[in-house]
Amino acid sequence: MPYTILVNGTKRSVDVDGDMPLLWVLRDVLELKGSKFGCGVGLCGACTVHLGGEAVRSCSIPISSVGAAAVTTIEGIAATPVGAKVQAAWLDVDVMQCGYCQAGQIMSAAALLTKTARPTDGDIDQAMAGNICRCCTYSRIRAAIKKAAGLRTADAGVR
Amino acid sequence: MTMFARSTSARAPAGTPRMTFSRRTILKASAAAGGGLLLHATLPVVARAAASGLVSPADVTLNAFVRIAPDGIVTIMAKNPEIGQGVKTMLPMVIAEELDADWKDVRIEQADLEAAKYGRQFAGGSTATPLNWDPLRRVGAAGRAMLVAAAAEAWGVAPAECSTASGVVLHPPSGRKLGYGALAGKAAMMRVPDLKTLRLKTPKEFKIVGRPIPGVDSPLIVAGKPLFGIDVAVPGMLYAVFEKCPVFGGKVVSANTDAIKALPGVRHAFVVKGGSDLRGLLDGVAIVAESWWAASKAREKLKISWDEGPTAAESSAGFARDAARLGKGSPAQSLRRDGDVTAAYAQAARVLEAAYSYPFIPHIPLEPQNCTAHFREGKVEIWAPTQDPGSGAALVASTLGMAQGDVTVHMTRVGGGFGRRLRNDYMVEAAWIAKAAGAPVKLLWTRQDDMQHDFYRPAGFHFLKGALDGRGKLVALSDHFVTFGHGDTVADSATMSPGEFPAGLVDNLDYGMSLLPLGVPTGPLRAPRSNALAFVFQSFLDELAHAAGKDPLEFHLALLGEGRVLPSSPGARAPQRDFDTERMRGVLELVAEKSGWAKRQALPKGTGLGIASYFSHLGYFAEVVQATVAPSGAVKADKVWIAGDVGSQIINPSNAENQVQGAALDGIGAALGQAITIDRGRAVEANFDTVFPLRINQAPPVEVHFRITDHSPTGLGEPALPPVVPALCNAVFAATGKRIRKLPIDPAELKSA
C-alpha cells in the first residue's frame, strides 16, 4: 500500500505493507540507518524517533498509524536547536563506547529537554529509563543531558 | 564439521602477553601514491603465552601503517575491531605520539582483515594495550626519525641538531622548519632506523598520550551515519532470517519451505544442513526475502519438525540437582593441593562451609548478530561486526570448502562485543545463505535469536570450606568446583586456575573439580571465569572475615601479607599470571581511603558498604559498593568507588574512565537481573523483559581512581568488572546480615517487611 509520511521535514512516499514498522521503513526503504534495531518490542529504545514531537519506539509503530504526524530521526535532529545542543553535549562529554544505542539516547534526551528545559535527576531517570546502554555509559549520558541543559555537570567525569 | 583450526588462538587473550623485539625487526618505507611517506612496519614480536596450556608460544607479527600526505594529513590504520573499547582511537594515539604528529592532522581508517599485513586482528582479553603499547610507539618513533633525517639532509645539518613539534621538523640553530607533509616524499627514501635503539619519548614529553581524546567515530555516531554491521547496504542485496532448533544442536527433519516460498516478498526458503560443532554452521531453515520485514513475517508461518537430540534432556534445575549430589562427594579431579587441609580443619578454631552458585548469562550486545555476505565466482566478500575476523574467515573457508584467501572480511564498527562476537556462527550462516541464494544477503538475527543462541557464561557450583585459627587467621581453604565438561575437557570458559586467589596465600589449600556433561554452548563473556570466580571467592572471604570478627579490609590485607610476587604456575589448566601482592594492597588501601571505608558504621540501617578486589587481565582492581536494601528486598547500588592499577600510563583517560565505569555497572546489572534458564535443552528467556541489562535509573555514580605504578600499561575493558559483583553482595550483607550465595540476587530472600 502507498503511504506518504513526513520525515525530517520532507514528504516521502513508500509502497509497503501497512503493518511494516516505521523502523524498517526508515532503515530499509528510506535508507535512514541511524535509528537502530535492538529488541523489536519497544524494550530497549535503540529505535527511538520523534513522532509529532513525542519520543516513540519506531520498531513498534506500524507505518499505517503514522499518518500526517511529523517524524524526526537522528539524521534530522540537528535541525532543532535542542537536538543540536544535545549532540554537541554528547561529543563534549565523550559519551560513546560502542555507540549503537546513542541515536536512541539522543532522541529521548532531545524530547526530554524540549519539554523540560532544566530536568532533575528524577526527570532524567524517567525519560531515559526506556533506553538501554549495554556499555553502561549512564554517568556520561546523565552528564551530557545536564550539560545540554546548561546545568552543572560536576559529575561529568571527564572535564 | 571440523572445529576451525584457530579456535585455540581465539583464546589468545587468555595468554600472558610479553613482548620483546626480535633482531629481525624491520621497518620498510616506500613512497605512497600521491608522493607521501608510507610506513609499513613488520615487527615480529614474540608473544609468550605463559602457562596457559591453551596457547603455543608463537610469533605474532604486528603491522602498523602510517601514511603522510603532502598536505601534512597523517593517516593511521586502526588494525583491530572497534567494539566500544576505544581501540580505534587509542592505538593510533600511541603511534601519533611518537611520530610527534599534531592530533588535529591525524585521520584514522579501519583496516580490513589482512593478517599478512597487520598480524592478528581481534578484540578480546583486554590485550590491545599490553600487546601494542611498545611496538606501536616504535612504529611512530621510526617515522619521526626518518622525517628528521630527511629535513637534516635537506638543510645539510646533523639530525641531532633537529627537533620536532606537532607535525613540523625544526632546526633551532638556524630557525628553519619544514612540515611533515613537505618532508614525506624525501623521508620515504631515508634509511630505516633500528627500532630497538630508537629514542622514545619520556612520559613528560607526551602531548597526545595521557590526554582525554574523544572517540574518532563519535561525530558520525551522533549524526546517525551508517557505521555498524547492521547498516551495511550492498546493491542488489536481499535480507535473510535463519531459524535454528530451539534445542542446541537439534536437526531439521522437515520444513514447509514450499509454502514459505509462496509468501509475499520471499525469494528463497531452504533447509540448511549443518554440522555438530556448536560454533559452526548448524541445521536450520533460511528465508531470503526482498526486505527483512517480509522475511520476518514469513518466518511466523514457518513449520519445522525437529530432531531435538540428547540436549533436550538438560535443564538448569537438573544441573543444580546433579551439582548438589556431586558436591557432597570428593572432586573427580584435583586442581591444587597445598599442606594438609584435613589436619587443619581438625585443629581449627572455626570451620565454615558454604555452597555458592551462579547462572548461565547471555552477552546481549545491543546490535543483534548480523552479517552481510556476497558470494561470486568462488569468492566471498563479508561485512561483519566481529571481534575475531580471522577465525571467522577460517570458519567460512572450511565450511564452504574454499581457500581462506578467497574470503574477504570488512570489519564494521561493532555494536557491543562482550566476548559474544569472538564466535562467528552468524558469519558462516550469512556466507552459506548468500552462496545458496546467489545474491548478496544481509542476515539479521532477532533479539530472541541472539538470547537463545548464545555462547553463555557457564553456570557453576562451588562447595567451599574454610578454617580460622584462634586469632582469626585463615589457615585452610577448600573448593569443590562443580562445572561442565566431558571427560578431561572442561567446557569453554568454565575452567578454574590452580592459582585462583587466594591460592599461594593459605598454607592448607585444596581445589578440586567435577564435571557435568553439557550440550549448551558456553563461551567467554567479559572477564571470562573471573566474572564468576570473583563473586565466589571474594564473597566467601568476606564471610570468613566476619566469622573471624575482623574488618574485611584488614582480613584481606593480612591475607596478602608482605609485598611479594606469587609466580604463575606453568602447566596450569587455566591461564594465570604472576600476582603482585603489593599492587593489590595499593589499590585496596586507595579504595578504602576514597570510599570512607573506616566510617562505614555511620551509615543508616539498611545501607552498607562492601569491599572486594580481583586481579584479572593483568589489572589490579579493588572496589567498594554502597548498597541500600529496601524492606521489599529490592537492592539499590548507591555508589561505587574503584581503585585500579594498570601500570605506568593511562593512555586515554576519558575512555579509561568510561570503560571502568561501564564494566562496574555491567557487573551490577548482571548480579541484579541476568540469568538464562535452561529447560528441555533450550533457553527460556528471549528478550529484555526477562533478562535485565542495567538501566539509567538503577545506575549509581562510579568514582574511578588509578594508582600509577612503574609497570608497563595493561588493558581496561575487563578487569574492573569481577570485583564489583562481590563488593555489591558484601554490601548487601553489611546492610542486612544476609549473605548472597546465589546469583542473580533474589529480592524475595532479602525481604524484611
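Those protein sequence lines, which keep their order, are chains A and B.
Start counting the first sequence at 1; every next residue gets the next number (the numbering used here).
Start counting the second sequence at 160; every next residue gets the next number (the numbering used here).
Glycine included, C-beta positions come from ideal geometry on N, C-alpha and C.
Quantities reported herein were computed from a predicted structural model and do not represent experimental measurements.
Item: Please confirm if A/K115 has its CB atom under 7 angstroms from at least one CB of chain B.; Value: no
Item: Quick check on B/R582 - is its C-beta less than 7 angstroms from some C-beta in chain A?; Value: no
Item: Can you tell me which residues form a DSSP beta bridge with B/T642?; Value: B/L674
Item: When the cut-off is 7 angstroms and only beta carbons count, does B/L824 lie next to chain A?; Value: yes
Item: Taking Cβ-Cβ distances below 7 angstroms as the criterion, which residues of the stretch 79-100 of chain A are in contact with chain B?; Value: Q87, W90, L91, D94, M96, Q97, C98, G99 and Y100
Item: Could you name the residues of the same chain whose beta carbon sits closer than 7 angstroms to that of B/T787, not counting the 5 residues immediately before and after it, in chain order?; Value: G765, T766, K795, D797 and A894
Item: Give the residues of chain B in contact with A/Y138, contact being defined as C-beta atoms less than 7 angstroms apart.; Value: L824, I855 and A858
Item: Is B/M570 buried or exposed, if buried means 16 or more other CB atoms sit within 10 Å of its CB?; Value: buried
Item: For B/A300 versus B/I267, is the C-beta spacing smaller than 7 angstroms?; Value: no
Item: Taking the alpha-carbon of B/K632 as reference, which of B/V665, B/A890, B/T654 and B/F620 has the nearest alpha-carbon?; Value: B/V665
Item: Where B/G576 and B/A313 are concerned, what is the direct C-alpha to C-alpha distance, given to the nearest angstrom?; Value: 49 angstroms
Item: Using a Cβ-Cβ distance cut-off of 7 angstroms, determine whether A/L30 contacts chain B.; Value: no
Item: Pair every Cβ in the stretch 507-521 of chain B with every Cβ in the stretch 626-640 of chain B, then say whether three or more of these pairs are closer than 8 angstroms.; Value: yes
Item: State whether the stretch 413-421 of chain B contacts the stretch 353-373 of chain B, with contact taken as three or more CB pairs (one from each stretch) at a distance under 8 angstroms.; Value: no
Item: Measure the CB-CB distance between B/M349 and B/A310 and report whether it falls below 7 angstroms.; Value: no
Item: Check each candidate in B/V884, B/S325 and B/A304 and name the one with the smallest Cα separation from B/A319.; Value: B/A304
Item: Mapping the DSSP letters down to three states, classify B/K624 as helix, strand or coil.; Value: strand
Item: Taking the C-alpha atoms as reference points, what is the distance between B/W451 and B/R535?; Value: 22 angstroms
Item: Mind listing, in chain order, the continuous beta strand (DSSP E) runs of no fewer than 3 residues lying wholly within the stretch 314-370 of chain B?; Value: 327-330 and 335-338
Item: Taking only three categories from DSSP, how would you classify A/I62?; Value: The identity of residue 62 of chain A in the sequence shown is Pro, whereas the question assumes Ile. Correct three-state label for A/P62: strand.
Item: Nearest-angstrom Cα distance between B/R736 and B/P521?; Value: 27 angstroms
Item: Given a cut-off of 7 angstroms, decide if B/S775 and B/S948 are closer than it, judged by their beta-carbon atoms.; Value: As displayed, chain B neither begins before 160 nor continues past 912, which places residue 948 of chain B out of reach and without an answer.
Item: Candidates B/G876, B/V368, B/A706 and B/H639: which alpha carbon is nearest B/L258's?; Value: B/V368
Item: Is any beta-carbon of chain E found at less than 7 angstroms from that of B/E588?; Value: Any reference to chain E falls outside this structure, whose protein chains are A and B.
Item: For the alpha helix (DSSP H) that contains A/R142, what are its first and last residues?; Value: Y138 to A148
Item: My assumption, with CB atoms under 8 angstroms, is that B/V750 sits in contact with B/V783. Please give the rounded CB distance.; Value: 5 angstroms
Item: Counting only C-beta atoms, is B/A192 closer than 7 angstroms to chain A at any point?; Value: With a pLDDT of only 41 at B/A192, under the threshold of 50, the placement of this residue in the model should not be trusted; the figure read from the coordinates follows. Cβ-Cβ to chain A under 7 angstroms: no for B/A192.
Item: Mind checking which residues open and close the alpha helix (DSSP H) that includes B/T545?; Value: No alpha helix (DSSP H) contains B/T545, which DSSP labels as neither H nor E.
Item: Would B/P878 pass as a contact of B/A830 if the rule is Cβ separation under 7 angstroms?; Value: no
Item: Please work out which residues of its chain come closer than 7 angstroms, Cβ to Cβ, to B/V375, disregarding the five sequence neighbours upstream and downstream, and give them in chain order.; Value: K247, T248 and I267
Item: Leaving aside the five residues before and after B/A965 along the sequence, list all residues of the same chain whose C-beta is less than 6 angstroms from its C-beta, in chain order.; Value: The shown model of chain B, from 160 to 912, leaves out residue 965 of chain B, and the question about it has no answer.
Item: Just to confirm, are B/A704 and B/F714 a CB contact at a threshold of 7 angstroms?; Value: yes
Item: Show which residues of chain B have a CB atom less than 7 angstroms away from the CB atom of A/I141.; Value: I855
Item: Of all Cβ atoms in chain B, is any one closer than 7 angstroms to the Cβ of A/R134?; Value: yes
Item: Which ranges would you report for the beta strand (DSSP E) in the stretch 498-537 of chain B if only whole runs of at least 3 residues count?; Value: 509-517 and 529-535
Item: By Cβ distance below 7 angstroms, which residues in the same chain neighbour B/A317 in space, the five residues on each side in sequence not counted?; Value: A311
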